Amino acid sequence: IAWLALGYGVSRFFPEKYHWEGPKVCSTMGAFLQVGFSTMSATSLAPMMCFQHPNGLRSILKYPGVICGSADHTSMLVFAGILLVVFVFGFVALCGFAVWKVPSWSAKRRDHLVASVRFLVFRFRLALRLAR
């Protein structure tokens with residue numbers, strides 16, 4: 648994602664015919680985030696899944712060497728919480744907002760905004776409504 652933002656910024660130093668289009672860059676970033684969504688979700692939830700050993704200690708299911716409640720587990724929980732809130736919930740909130748606003752953006756001919764969320768809506772026809 649950072650490489651796309653950097654590429655967009657660098658393209659501004661070249662002649663205009665080489666400028667990257669902002670809405671297309673946003674849509675590409677969204678597509679990459681959409682592909683990585685399940686991985687980010689699983690990674691952020693892994694430290695929250697503990698199981699109990701026969702001796703009474705609890706370990707992380709994916710990392711049995713890490714005891715739940717230890718300093719290592721706490722640092723994993725902090726990073727997992729940040730990942731969960733910023734990337735997972737943030738992405739869902741952003742997608743929800745975009746899906747809610749796309750019909751009005753389309754009706755008002757705000758094509759640059761619709762193009763920015765193309766990764767969400769390109770499979771659907773926006774303007775088709777059946778008369779009842």
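Residue numbers (the working numbering): 648 to 779. Note that beta-carbon positions come from the ideal geometry of N, C-alpha and C, so glycine has one too. Since this is a predicted model, take the numbers as computed values, not measurements.
Assignment of ILE648 by DSSP, reduced to helix, strand and coil, places it in the coil class.
Counting C-beta atoms within 10 angstroms of its own C-beta, GLY677 has 16 or more neighbours from the protein chains shown and is therefore classed as buried. DSSP places ARG765 in the helix class (H, G or I) of the three-state scheme. Residue pairing by DSSP puts GLN699 in a beta bridge opposite ARG705. Nearest C-alpha to VAL733 among LYS671, HIS666, PHE684: PHE684.
With the rule of 3 Cβ pairs closer than 8 Å, the segment 692–701 counts as touching the segment 714–734.
Residue pairing for ILE714: DSSP places it in a beta bridge opposite SER706. By the neighbour-count definition (other C-beta atoms within 10 Å, threshold 16), VAL764 is a buried residue.
Excluding sequence positions up to five before and after VAL672, its CB lies within less than 7 Å of the CB of LEU651, TYR655, all in the same chain and listed in chain order. Pairing SER751 with ASP758, the inter-Cα distance amounts to about 11 Å.
In the DSSP annotation of this structure, the continuous segment of the alpha helix (DSSP H) that includes VAL672 starts and ends at 669–682. In summary, SER674 is buried, with 16 or more beta-carbon neighbours lying within 10 Å of its beta-carbon over all protein chains present.
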